[in-house]
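I have placed the structure first, in the form of structure tokens, so that the comments after it can refer back to it.
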Amino acid sequence: MKINTIDIQTTYHTYLLEGNYKDLLCFPPLKKLPSNDWAEYYGKEYDTDDPQLDNLSISLSFVTKSDQYDTFITFLSAQTYNDFHFEELGKSFRLRFVGVRKAKKEQGYITYEATFANDTPLQGYTYIAPNDTLPSSGFTIDTIDLSKYGIYLLEENESNLLKSYEVKEHLTTTSSTIAGVQYAEYPNVFKERTLELLCYIKQPINRFWELYEALLYNLSLRGERTINALGSTFKAIYQKANVKEVILTKDTLRVEFTLYLVII
Numbered sequence: 108m109k110i111n112t113i114d115i116q117t118t119y120h121t122y123l124l125e126g127n128y129k130d131l132l133c134f135p136p137l138k139k140l141p142s143n144d145w146a147e148y149y150g151k152e153y154d155t156d157d158p159q160l161d162n163l164s165i166s167l168s169f170v171t172k173s174d175q176y177d178t179f180i181t182f183l184s185a186q187t188y189n190d191f192h193f194e195e196l197g198k199s200f201r202l203r204f205v206g207v208r209k210a211k212k213e214q215g216y217i218t219y220e221a222t223f224a225n226d227t228p229l230q231g232y233t234y235i236a237p238n239d240t241l242p243s244s245g246f247t248i249d250t251i252d253l254s255k256y257g258i259y260l261l262e263e264n265e266s267n268l269l270k271s272y273e274v275k276e277h278l279t280t281t282s283s284t285i286a287g288v289q290y291a292e293y294p295n296v297f298k299e300r301t302l303e304l305l306c307y308i309k310q311p312i313n314r315f316w317e318l319y320e321a322l323l324y325n326l327s328l329r330g331e332r333t334i335n336a337l338g339s340t341f342k343a344i345y346q347k348a349n350v351k352e353v354i355l356t357k358d359t360l361r362v363e364f365t366l367y368l369v370i371i
């Protein structure tokens, strides 16, 4: 790995430990949208005129030769942002150094967890429409089938797509002079629900980023997303994501991740 074009292995005797890619590959969340929660209507009403992605915290684990530890940290903190190039991923990130924790010395080396922030997601990104050739998944977002992004939907989604129901609480009055509570009687409406969409993508690295970032770009566009699945159509807003597993073999990336979509 290189930081600001400097090979940290040869210069600082520092090595990135395996299994560090989950945070790097996770989509940033959407910043909280202005909303109103009307008691008489389902869910919330969101202002989706100007959605913006939030920054993302990234943890990377390193091991450094003991006599180079302070020197390497000084290098990381010398400027606000550093350019990280991950050769195996074929990708560069501009990250802000936040701090170090869990430092442990053993046999002349120090292992530790360094935290960074990606403050500018999709900066400089140029959209390319997804056009993978997987069989149709039957799940579309704004008329684009997820298979076009090279994404497989996991079997667990069949259950996740089933509706859950939670009633919005009515006006409730409690008093020490009465037993129980007084609960206002009027028609029930339901709270919004969050759909957890379990996804898997397997692509050559030179193809992976084109498809993966196209999905994030389209999820964060202005307005609501229109979803078609299992014969139903509904509106949703991208909320956040989580990466469960990343496997890198030769020139292929396999990523299992979850998208969280608020049904509105």
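Residue numbers (the working numbering): 108 to 371.
Just so you know, even glycine gets a beta-carbon here, dropped at the ideal spot from N, CA and C.
- Distance from the CA of residue 247 to the CA of residue 334, rounded to the nearest whole angstrom, comes to 6 Å.
- Of the other Cβ atoms in all chains shown, fewer than 16 fall within 10 Å of the Cβ of residue 126; this residue is therefore exposed.
- Residue 161 is a Cβ neighbour of residue 138, given a cutoff of 8 Å.
- If only uninterrupted beta strand (DSSP E) runs of at least 3 residues are considered, those enclosed by the region 173 to 240 are 188 to 193, 198 to 213 and 216 to 225.
- When DSSP states are grouped into helix, strand and coil, residue 255 belongs to the helix group.
- Under DSSP, residue 289 forms a beta bridge with 280.
- Counting the other CB atoms within 10 Å of its CB gives residue 320 a total of 16 or more, which places it among the buried residues.
- Per DSSP, residue 318 is one residue of the alpha helix (DSSP H) stretching across 312 to 326.
- When C-alpha distances from residue 361 are compared across 342, 310 and 348, the shortest belongs to 310.
- For residue 114, the beta-bridge partners assigned by DSSP are 109.
- With contact defined as three or more Cβ pairs closer than 8 Å, the region 297 to 304 and the region 248 to 267 are in contact.
- A Cβ-Cβ contact shorter than 8 Å links residue 221 with residue 169.
- Looking at the DSSP output, residue 348 sits in a beta bridge with 366.
- Residue 329 and residue 157 have their C-alpha atoms spaced approximately 6 Å apart.
- Around residue 224, the same chain offers 162, 163, 164, 165, 202, 203 and 205 as residues with beta carbons nearer than 8 Å, after the five sequence neighbours per side are excluded.
- Out of 308, 307, 275 and 286, the CA that lies nearest to the CA of residue 292 is found in 275.
- Taking a 10 Å sphere around the C-beta of residue 235, we find fewer than 16 other C-beta atoms and assign the residue as exposed.
- Sequence-distant Cβ neighbours of residue 198 in its own chain, meaning closer than 7 Å and more than five residues away, are 316.
- When secondary structure is reduced to three states using DSSP, residue 309 falls in the strand class.
- Sequence-distant partners of residue 191 (beyond 5 residues in either direction) whose C-beta falls short of 6 Å from its own C-beta, in its chain, are 110, 200 and 202.
- For residue 123, the enclosing beta strand (DSSP E) stretches over residues 121 to 123.
- About 7 Å separates the beta carbons of residue 172 and residue 215, which is inside the 8 Å limit, making them a contact pair.
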